[in-house]
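First residue of the sequence shown: 1, per my numbering; consecutive thereafter.
For each residue, glycine too, the CB sits at the ideal point set by N, CA and C.
The structure presented is a predicted model; accordingly, all values stated were derived computationally and were not measured.
Here is the structure we will look at, set down as structure tokens.
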Amino acid sequence: MSNLKVSMEEFIENACERIRREAAGRPVLCALSGGVDSAVCAILAHRAVGDKLTCLFVDTGFMRKNEGDQVVALFRDTYAINLIRVDAADRFLAKLKDVTEPECKRKVIGEEFIRIFEEEAKKLGTVGCLMQGTIYPDIIESGVDGHKQVKAHHNVGGMPLNIEFEAVIEPIKLLYKEEVRECGRKLGLPEAFTNRQPFPGPGLAVRCIGALTKARLNILREADAIFREELEKTGLQREVQQYFVILPDLQSVGVRNGERCYEDMVVLRAISTKNFVTAGAVRLPYELIETVVARITSEVKGVNRVMYDVTPKPPATVEWE
Ligand code: XMP
Numbered sequence: 001m002s003n004l005k006v007s008m009e010e011f012i013e014n015a016c017e018r019i020r021r022e023a024a025g026r027p028v029l030c031a032l033s034g035g036v037d038s039a040v041c042a043i044l045a046h047r048a049v050g051d052k053l054t055c056l057f058v059d060t061g062f063m064r065k066n067e068g069d070q071v072v073a074l075f076r077d078t079y080a081i082n083l084i085r086v087d088a089a090d091r092f093l094a095k096l097k098d099v100t101e102p103e104c105k106r107k108v109i110g111e112e113f114i115r116i117f118e119e120e121a122k123k124l125g126t127v128g129c130l131m132q133g134t135i136y137p138d139i140i141e142s143g144v145d146g147h148k149q150v151k152a153h154h155n156v157g158g159m160p161l162n163i164e165f166e167a168v169i170e171p172i173k174l175l176y177k178e179e180v181r182e183c184g185r186k187l188g189l190p191e192a193f194t195n196r197q198p199f200p201g202p203g204l205a206v207r208c209i210g211a212l213t214k215a216r217l218n219i220l221r222e223a224d225a226i227f228r229e230e231l232e233k234t235g236l237q238r239e240v241q242q243y244f245v246i247l248p249d250l251q252s253v254g255v256r257n258g259e260r261c262y263e264d265m266v267v268l269r270a271i272s273t274k275n276f277v278t279a280g281a282v283r284l285p286y287e288l289i290e291t292v293v294a295r296i297t298s299e300v301k302g303v304n305r306v307m308y309d310v311t312p313k314p315p316a317t318v319e320w321e
């Protein structure tokens, strides 16, 4: 499916031209999430208005291992884009203290994200235009443009801003996800961005089941990095749409160095899907699972057991929260 009537090269040229026209010399603010949509918007806007663009990256502390640094390295160091990084991990954790209910977590994270965004935008003074990485499926799912609503937005930051911008620029709103990826490739974005698997807005917060603490998030981050690294060595990422680790709120007895231990368990999840409405669990090679189990239980302190979730959606969902 496509709304594009021109080649991707022409689309990029037209998009830059339109951004320049809509920005009309005013400063432009773009929130980066680490995902491909906002990354493509930022590169297009940088091409179009150069230094008039400022990107804001709110590091919630719920990103995967090294992801925050990668965002900064690419946009600030490689593209020389004005980038403000807000390290808000402690702030988010403080707000989420005692919050364990999944939808409540999402709400608190979304609200805090918006508050930080507003504070930072105000610090910048006059910001005329807001850049948004809306894509075509977002428009369909939100029920605007004459489409029936299918799904309420559940992205971080999907709440109204208490701040007025003179203009909202949405350069990729006619593109489907695959086209956004292709546009990113044409713009020279690294594979880590163009091929990034879907990652929920609230990030690891909804994969760390129950209470959120720095220590629990670190366990999850380390285990997840090992699983992704090993799976990617096999090349399976080309067939598997999402692969990640979950940290349930559950400990079990084990033996370590001849002594009884009582430690966390983590769960591997790898799914294949066409539309994320239904999904199947992927039959990962047993050797891969064994390698991942051996590495996680020896390298991630405090984990003595690894499970593998083979439940399809439905009845399960992709995420656990
Ligand atoms: P579920 O768990 O509903 O996931 O089967 C379907 C797809 O949606 C992603 N997902 C989210 N994405 N914010 C997001 O931006 C969220 O709160 C959220 N919850 C689930 C999930 O990763 C999968 O791709």
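Span separating the alpha-carbon of residue i from that of residue j
| i | j | result |
| --- | --- | --- |
| Lys97 | Arg269 | 27 Å |
| Ala152 | Asn257 | Below a pLDDT of 50, predicted positions are generally treated as unreliable, and Ala152, at 39, falls in that range; no measurement from the model is reported. |
| Thr213 | Ala281 | 29 Å |
| Val168 | Cys129 | 6 Å |
| Asn82 | Leu74 | 12 Å |
| Phe199 | Asn66 | 15 Å |
| Ala15 | Arg76 | 22 Å |
| Glu230 | Ile163 | 44 Å |
| Thr278 | Gln237 | 19 Å |
| Val303 | Arg47 | 46 Å |
| Val36 | Val253 | 41 Å |
| Glu17 | Gln70 | 29 Å |
| Lys105 | Gly210 | 10 Å |
| Cys208 | Lys107 | 16 Å |
| Val40 | Tyr136 | 14 Å |
| Pro315 | Met265 | 23 Å |
| Val156 | Gly203 | Since pLDDT at Val156 reaches only 47, below the 50 mark, its modelled position is unreliable, and no value is offered. |
| Gln149 | Thr297 | With a pLDDT of 47 at Gln149, under the threshold of 50, the modelled position of that residue is not reliable, and the figure given next carries that caveat. C-alpha separation (whole angstroms): 44 Å. |
| Ser7 | Glu179 | 11 Å |
| Thr317 | Asp309 | 11 Å |
| Lys95 | Trp320 | 21 Å |
| Ala80 | Ile246 | 35 Å |
| Ala223 | Leu284 | 17 Å |
| Ile43 | Phe227 | 30 Å |
| Pro312 | Val293 | 22 Å |
| Ala192 | Glu232 | 12 Å |
| Asp249 | Ile219 | 12 Å |
| Glu13 | Ile84 | 27 Å |
| Arg221 | Ser38 | 23 Å |
| Leu53 | Val99 | 36 Å |
| Tyr286 | Ser272 | 17 Å |
| His154 | Gly133 | Low confidence applies to His154: its pLDDT is 40, below 50, so where it sits in the model is not reliable enough to give any reading. |
Member of the options whose CA lies at the smallest distance from the CA of residue i
| i | options | result |
| --- | --- | --- |
| Glu186 | Asn3, Pro202, Glu10 and Met1 | It should be noted that the sequence gives Lys, not Glu, for residue 186. Measuring from the Cα of Lys186, the nearest candidate turns out to be Glu10. |
| Thr126 | Glu191, Asn162 and Arg26 | Arg26 |
| Ser2 | Glu182, Asn162, Phe199 and Glu319 | Glu182 |
| Met307 | Ala316, Pro315, Ile289 and Glu319 | Ile289 |
| Val49 | Phe117, Met131 and Val99 | Met131 |
| Asp87 | Gly68, Arg228, Gly210 and Glu263 | Gly68 |
| Ile116 | Glu166, Leu161, Ala316 and Glu103 | Leu161 |
| Leu217 | Val300, Leu53 and Val310 | Val300 |
| Lys274 | Leu4, Lys233, Arg64 and Gln242 | Gln242 |
| Ile140 | Glu118, Phe113 and Lys177 | Lys177 |
| Ile172 | Ala89, Gly184 and Val255 | Gly184 |
| Asp138 | Ile109, Leu175 and Glu111 | Leu175 |
| Val240 | Val206, Thr134, Val255 and Asn195 | Asn195 |
| Asp90 | Phe165, Cys261, Phe113 and Glu103 | Phe113 |
| Phe92 | Phe62, Ala45, Gly188 and Ser272 | Phe62 |
| Gln197 | Phe244, Val206 and Glu166 | Phe244 |
Ligand 1 heavy atom lying under 8 Å from the CB of residue i
| i | result |
| --- | --- |
| Thr134 | no |
| Arg106 | yes |
| Thr297 | no |
| Gln237 | no |
| Lys274 | no |
| Val306 | no |
| Lys313 | yes |
| Ala322 | Lying before the first or after the last residue shown, residue 322 is absent from the chain, which here runs from 1 to 321. |
| Gly201 | yes |
| Ala281 | no |
| Gln70 | no |
| Val58 | no |
| Pro198 | yes |
| Val240 | no |
| Val206 | yes |
Closer than 9 Å to chain D by CB, residue i
| i | result |
| --- | --- |
| Ile226 | In summary, chain D is missing from the structure at hand, where a single protein chain is found. |
Residue i: CB within 8 Å of a non-hydrogen atom of ligand 2
| i | result |
| --- | --- |
| Val318 | Absence of ligand 2 from the depicted structure is noted, with ligand 1 being the only ligands included. |
Where are the alpha helix (DSSP H) runs, 4 residues long or more, that stay fully inside the region 21-96, in chain order? For the region 21-96, the continuous alpha helix (DSSP H) assignments of 4+ residues that do not extend past its boundaries occur at 36-49, 67-72 and 89-95, in sequence order.
Would you say the region 31-40 touches the region 57-73, given that touching needs at least three Cβ pairs under 8 Å? Contact check between the region 31-40 and the region 57-73: three or more CB pairs, one atom from each, fall below 8 Å, which counts as touching.
Flag this pair as touching only if the region 116-126 and the region 11-22 have three or more C-beta atom pairs under 8 Å; answer yes or no. The region 116-126 makes no contact with the region 11-22: fewer than 3 CB pairs, one atom from each, lie closer than 8 Å.
Those runs of the alpha helix (DSSP H) which lie wholly inside the region 254-313 and span at least 4 residues: Taking 4 residues as the minimum length, the alpha helix (DSSP H) runs contained wholly in the region 254-313 are 286-299, in order along the chain.
Pick out the complete alpha helix (DSSP H) segments inside the region 188-249, 4 residues or longer, and give them in chain order. If we require 4 residues or more, the alpha helix (DSSP H) runs fully inside the region 188-249 come out as 191-194 and 214-234.
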